[in-house]
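Participant: Residue numbers (my numbering): 24 to 276. Questions regarding the structure given below will be posed in turn.
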């Protein structure tokens, strides 16, 4: 699992034991990585997100059923944002509205980043998500779930405004990671390689065959803030994590 802070040009990745989040330069120029977050229980960190604008990193610790945050500079200790959660699993940040979404059990929760208040979205999930991403343009959450009673995966979209779920894609293979590429296109990986999905039309294209990355990170070099909002560039680079143990490779899509 890897994330990118385009403002500082820093790449963040979760180690194979899921106990440590490491920070390293996005250019992968050989500089050593630094442990930014560490938890005690093996497999404790199930997801994390980076807020480069406000200099914070957020993560789920499933061993304590809490969402934590701390400074990206590593100058302060971790703080608890939400505690007493029910089996928290995946999370996404909506930085335009200062909200956090996370899954727990068969439900999605929506909370504030600046105060400890959250609500439960009404529609239940049919399984445990393997990925969750927020699109600020359409204000929709995209989740990857196991298919109902079958092998493979499905992708659903959740309209944050009206809280409605829509199934937009069913895939015969398990999707290992899922990340935005442009406004309507997502990258995902399965056993065949790296593919793109148009979430409006459902079209799928094979981008790279013969590789199975375990993670993507978005790099938005032209990202900027206008009138307090974040505008997203349509030019991305994707970073692929080829093995859980270490090596990172950079590739453009």
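Where a beta carbon is used, it is the ideal one built from N, C-alpha and C, also for glycine. Just so it is clear, the structure is predicted and the values come from calculations on it, not from any experiment.
Assuming residue 31 contacts residue 67 under a Cβ cut-off of 8 Å, what Cβ separation, rounded to an integer in Å, is found between them?
Facilitator: The residue given as residue 31 occupies position 8 in the chain shown. The residue given as residue 67 occupies position 44 in the chain shown. Residue 31 to residue 67, Cβ: 25 Å. No contact.
Participant: Assign residue 194 to one of three DSSP states: helix, strand, or coil.
Facilitator: Here the question's residue 194 lines up with position 171 in the chain shown. In this structure, residue 194 counts as strand in the three-state DSSP scheme.
Participant: With three or more beta-carbon pairs closer than 8 Å as the criterion, would you say the region 71–90 touches the region 26–43?
Facilitator: Yes, the region 71–90 is in contact with the region 26–43.
Participant: Quick check: what's the CA-CA separation for residue 139 versus residue 184?
Facilitator: Stepping through the chain shown from its first residue, residue 139 is reached at position 116. Stepping through the chain shown from its first residue, residue 184 is reached at position 161. Looking at the two C-alpha atoms, the distance is approximately 20 Å.
Participant: Which same chain residues, not among the five before or five after residue 186, have their C-beta less than 8 Å away from its C-beta?
Facilitator: The count along the chain shown starts at 1 and reaches residue 186 at position 163. Around residue 186: 144, 145, 146.
Participant: Determine the direct distance from the alpha carbon of residue 227 to that of residue 48, and round the result to whole angstroms.
Facilitator: Taking the chain shown and counting its residues from 1, the one referred to as residue 48 is at position 25. Taking the chain shown and counting its residues from 1, the one referred to as residue 227 is at position 204. Straight-line Cα distance between these residues: approximately 32 Å.
Participant: So what's residue 147 in DSSP terms, helix, strand or just coil?
Facilitator: Translated into positions along the chain shown, residue 147 becomes position 124. Residue state, collapsed to three classes: coil.
Participant: Is there contact here, the region 100–118 with the region 148–162, by at least three beta-carbon pairs under 8 Å?
Facilitator: Touching, yes, given that three or more Cβ pairs across the two stretches are closer than 8 Å.
Participant: By how many angstroms is the C-alpha of residue 161 removed from the C-alpha of residue 249?
Facilitator: Locating residue 249 in the chain shown gives position 226, counting from the first residue. Locating residue 161 in the chain shown gives position 138, counting from the first residue. Unreliable positioning characterises residue 249 in this predicted model, as indicated by a pLDDT of 38, which lies under 50. The coordinate reading is nonetheless provided below. Each residue's Cα considered, the two are about 18 Å apart.
Participant: Short of 6 Å in beta carbon distance, which residues of its chain neighbour residue 153, apart from the five on each side in sequence? Order them along the chain.
Facilitator: As a working note, residue 153 is residue 130 in the chain shown. Around residue 153: 167.
Participant: Between the Cα of residue 182 and those of 174, 165, 169, spot the shortest distance and give me the residue it belongs to.
Facilitator: For the purposes of this step, residue 182 is taken as the residue at position 159 of the chain shown. Cα-wise, what sits closest to residue 182 is 165.
Participant: In this structure, does DSSP put residue 186 in helix, strand or coil?
Facilitator: Counted from its first residue, the chain shown places residue 186 at position 163. Of the three classes helix, strand and coil, the one that applies to residue 186 here is coil, per DSSP.
Participant: Mind reading off the beta-carbon distance from residue 175 to residue 194? Whole number of angstroms is fine, and I expect it under 8 Å.
Facilitator: Position 152 of the chain shown, counting from 1, holds the residue named residue 175. Position 171 of the chain shown, counting from 1, holds the residue named residue 194. The Cβ separation is near 5 Å, so the contact holds.
Participant: With residue 105 and residue 134 assumed to form a contact (beta carbons below 8 Å), what rounded beta-carbon distance in angstroms separates them?
Facilitator: Locating residue 105 in the chain shown gives position 82, where the first residue counts as 1. Locating residue 134 in the chain shown gives position 111, where the first residue counts as 1. About 6 Å separates the two Cβ atoms, so the contact holds.
Participant: By alpha-carbon positions, which one of 178, 131, 173 ends up nearest to residue 199?
Facilitator: Position 176 of the chain shown, counted from the first residue, corresponds to residue 199. For the residues 178, 131, 173, the minimum Cα distance to residue 199 belongs to 178.
Participant: Could you check the C-alpha separation between residue 148 and residue 94 for me, to the nearest Å?
Facilitator: Residue 148 sits at position 125 when you count from the first residue of the chain shown. Residue 94 sits at position 71 when you count from the first residue of the chain shown. The straight-line gap from Cα to Cα measures roughly 32 Å.
Participant: Going by DSSP, what residues sit across from residue 220 in a beta bridge?
Facilitator: As a working mapping, residue 220 is identified with position 197 in the chain shown. DSSP output for residue 220 lists 209, 227 as bridge partner(s).
Participant: Hey, quick one: how far does the beta strand (DSSP E) through residue 73 stretch, first residue to last?
Facilitator: For the purposes of this step, residue 73 is taken as residue 50 along the chain shown, with counting starting at 1. Unbroken beta strand (DSSP E) run through residue 73: 68–74.
Participant: What's the C-alpha gap between residue 131 and residue 190?
Facilitator: For the purposes of this step, residue 131 is identified with residue 108 of the chain shown, where counting begins at 1. For the purposes of this step, residue 190 is identified with residue 167 of the chain shown, where counting begins at 1. Approximately 15 Å between the Cα atoms of the pair.
Participant: According to DSSP, is residue 134 helix, strand or coil?
Facilitator: Taking the chain shown and counting its residues from 1, one reaches residue 134 at position 111. Residue 134 falls in the strand class under three-state DSSP.
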